[in-house]
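Notes to accompany the following structure.
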Amino acid sequence: MLKNFSKILSILLLVALLVPTASMALAQEAVACDEDYSVQADDWLSKLADKFYGDVLAYPAIFEATNAAAATDSSYATIANADLIEPGWKLCIPSAEDAQAMMGGAAAAPAAEAAPAEAPAGGANYVLVPKNLGNPYFDAANNGAQAAAAELGVTVTYQGSATADATEQIQLLNSLIAQQVDGLAVSANDSDALQPTGQAAIEAGIPVVSWDAAIAPGGRTVHINQATAEGIGRGQIQLVSELIGGEGQIAILSATSTAPNQNEWIKWMNDELTKPEYANIELVATVYGDDDDEKSYNEALGLMKTYPDLKAIIAPTTVGIAASARAVQDQNMIGKVAVTGLGLPSQMRDYVKSGACPAFALWNPEDLGYLAIYTLHAIASGQIEGKPGDSFEAGKLGSYTIDDNGEVLLGPPFVFDAENIDNFQF
Numbered sequence: 128m129l130k131n132f133s134k135i136l137s138i139l140l141l142v143a144l145l146v147p148t149a150s151m152a153l154a155q156e157a158v159a160c161d162e163d164y165s166v167q168a169d170d171w172l173s174k175l176a177d178k179f180y181g182d183v184l185a186y187p188a189i190f191e192a193t194n195a196a197a198a199t200d201s202s203y204a205t206i207a208n209a210d211l212i213e214p215g216w217k218l219c220i221p222s223a224e225d226a227q228a229m230m231g232g233a234a235a236a237p238a239a240e241a242a243p244a245e246a247p248a249g250g251a252n253y254v255l256v257p258k259n260l261g262n263p264y265f266d267a268a269n270n271g272a273q274a275a276a277a278e279l280g281v282t283v284t285y286q287g288s289a290t291a292d293a294t295e296q297i298q299l300l301n302s303l304i305a306q307q308v309d310g311l312a313v314s315a316n317d318s319d320a321l322q323p324t325g326q327a328a329i330e331a332g333i334p335v336v337s338w339d340a341a342i343a344p345g346g347r348t349v350h351i352n353q354a355t356a357e358g359i360g361r362g363q364i365q366l367v368s369e370l371i372g373g374e375g376q377i378a379i380l381s382a383t384s385t386a387p388n389q390n391e392w393i394k395w396m397n398d399e400l401t402k403p404e405y406a407n408i409e410l411v412a413t414v415y416g417d418d419d420d421e422k423s424y425n426e427a428l429g430l431m432k433t434y435p436d437l438k439a440i441i442a443p444t445t446v447g448i449a450a451s452a453r454a455v456q457d458q459n460m461i462g463k464v465a466v467t468g469l470g471l472p473s474q475m476r477d478y479v480k481s482g483a484c485p486a487f488a489l490w491n492p493e494d495l496g497y498l499a500i501y502t503l504h505a506i507a508s509g510q511i512e513g514k515p516g517d518s519f520e521a522g523k524l525g526s527y528t529i530d531d532n533g534e535v536l537l538g539p540p541f542v543f544d545a546e547n548i549d550n551f552q553f
């Protein structure tokens with residue numbers, strides 16, 4: 128198995144994508160297929176490169192070898208786009224030795240000791256990757272990221288999948304790594320699952336900042352935390368206790384079951400509930416709406432049906448809290464079931480005024496996206512290394528320091544209610 132392509136391939140990847148039909152040096156000669164492979168439904172080229180060579184960045188070797196084989200044998204697929212392969216396609220998998228020779232032959236300089244990537248100049252291209260697209264919370268974060276980009280003179284592209292799915296997110300990140308973007312800012316759908324991909328990016332010279340939901344250590348350079356997980360989790364229980372008078376049944380409606388930030392918050396919610404002052408509050412269920420509006424709505428309906436004495440739903444997700452409030456409103460349960468959690472004022476304004484959601488909390492997601500890009504740029508431009516103790520300036524937000532856990536803390540959450548919600552437009 129070939130274990131150390133990263134430095135060699137980083138020089139070539141952008142060329143491989145921009146000129147997908149160009150052959151590498153050895154591809155001009157006959158390249159033997161060490162193995163034929165039939166594409167499966169969940170395959171992509173970088174995944175196969177990891178399988179056969181132990182390196183996600185080695186996929187151009189498979190791309191080129193397959194196209195070379197197809198030139199003389201129509202049973203092999205002709206791949207026009209390295210990001211798109213179809214189930215059933217026959218691929219040519221060259222040996223590790225041939226793959227290494229192919230990549231080395233295309234390198235303009237001795238690749239084993241490739242020089243470190245230079246810090247990106249002005250006009251660098253960073254990518255903001257949310258858990259999923261079409262989510263108002265992440266759209267607000269992107270607004271902040273674009274504001275930071277304008278101030279810094281860089282480009283921030285906003286790319287994600289339609290659903291909050293870790294596998295799709297990994298596939299997207301592998302493609303971005305192959306394009307050699309200047310930096311990645313990622314809200315992780317699965318902390319551990321994304322760790323190897325984040326590590327591959329870092330090894331390819333691409334700084335990785337996780338934000339909102341962390342990539343596990345080793346797969347990120349720095350994590351931007353919106354507030355401490357403990358503060359968020361305990362605060363949710365304190366708020367719901369106020370809303371229901373310190374007694375009654377409550378339930379939690381979260382995002383996906385693997386979402387690292389929600390799971391950490393829920394852990395602290397459960398810990399807070401062990402305190403004597405919450406002895407009369409019973410957590411009856413934790414359910415998952417997968418950050419999908421329809422599923423979250425139906426889960427909220429199910430909670431109210433299953434637990435007729437339910438007093439409150441905590442939804443620490445902007446999709447879940449709005450769906451839960453709508454369910455309470457539609458079922459004429461205002462005043463009987465209170466909804467709280469983490470939401471956006473623009474989404475929750477009508478529900479706060481109707482009483483379906485008397486109060487909720489959140490930090491400013493625009494500031495979160497803004498801080499993520501300032502942090503990423505500070506690392507990518509060489510201002511800081513991204514190590515504990517490093518300090519940097521983040522525009523209008525002021526100065527920040529990376530803590531001992533490799534994290535940057537945005538600040539405490541804010542409680543929105545009927546008295547103040549009209550003061551906020553995000």
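Residue numbers for the sequence shown follow the working numbering, beginning at 128 and rising by one. C-beta: ideal position from N, C-alpha, C; glycine also.
Give the DSSP bridge partners of residue i, in chain order.
i: residue 528; result: 518
i: residue 543; result: 487
i: residue 442; result: 468
i: residue 414; result: 380
i: residue 536; result: 352
i: residue 375; result: 408
i: residue 393; result: The partner list for residue 393 (beta bridge, DSSP) is empty, contrary to what the question assumes.
i: residue 338; result: 351
i: residue 333; result: Answer is none; residue 333 lacks a bridge partner.
i: residue 437; result: 376
Buried or exposed: residue i, going by 16 or more other Cβ atoms within 10 Å of its Cβ?
i: residue 258; result: buried
i: residue 532; result: exposed
i: residue 523; result: exposed
i: residue 198; result: exposed
i: residue 499; result: buried
i: residue 472; result: buried
i: residue 214; result: exposed
i: residue 345; result: exposed
i: residue 525; result: exposed
i: residue 539; result: exposed
i: residue 201; result: exposed
i: residue 165; result: exposed
i: residue 548; result: buried
i: residue 445; result: buried
i: residue 385; result: buried
i: residue 443; result: buried
Check for me: the alpha helix (DSSP H) holding residue i runs from which residue to which?
i: residue 384; result: Neither: residue 384 is in no alpha helix (DSSP H) and is coded neither H nor E.
i: residue 421; result: 420-433
i: residue 507; result: 492-507
i: residue 304; result: 293-305
i: residue 206; result: From DSSP, residue 206 is part of no alpha helix (DSSP H); its letter is neither H nor E.
i: residue 174; result: 172-180
i: residue 279; result: 263-279
Figure out for me which residue from the options has the closest Cα to the Cα of residue i.
i: residue 508; options: 224, 225, 280; result: 280
i: residue 276; options: 505, 170, 196; result: 505
i: residue 485; options: 495, 356, 461; result: 461
i: residue 367; options: 346, 356, 283, 396; result: 396
i: residue 488; options: 474, 467, 502, 481; result: 467
i: residue 167; options: 540, 217, 551; result: 217
i: residue 207; options: 194, 320, 219, 200; result: 194
i: residue 296; options: 314, 378, 227; result: 314
i: residue 409; options: 400, 416, 415; result: 400
i: residue 223; options: 436, 159, 263; result: 159
i: residue 179; options: 204, 335, 212, 225; result: 225
i: residue 333; options: 308, 342, 288, 321; result: 308
i: residue 352; options: 528, 385, 453; result: 528
i: residue 412; options: 424, 391, 439, 402; result: 439
i: residue 274; options: 393, 517, 379, 496; result: 496
i: residue 323; options: 174, 205, 546; result: 174
Please list the terminal residues of the continuous beta strand (DSSP E) segment that includes residue i.
i: residue 185; result: Counting along the chain, residue 185 falls outside any beta strand (DSSP E), and DSSP gives it neither H nor E.
i: residue 312; result: 310-313
i: residue 285; result: 282-285
i: residue 317; result: Premise fails: residue 317 is in no beta strand (DSSP E) and is neither H nor E.
i: residue 163; result: 162-165
i: residue 252; result: 252-256
i: residue 217; result: 217-220
Determine, for residue i, whether the minimum Cβ-Cβ distance to residues of chain C falls below 9 Å.
i: residue 326; result: Looking for chain C here will not work: only one protein chain is present.
Write down the C-beta distance between residue i and residue j rounded to the nearest angstrom, noting that I regard them as a contact closer than 8 Å.
i: residue 310; j: residue 253; result: 4 Å
i: residue 283; j: residue 303; result: The pair is not a contact, with the Cβ atoms about 13 Å apart (cut-off 8 Å).
i: residue 436; j: residue 376; result: 5 Å
i: residue 441; j: residue 379; result: 5 Å
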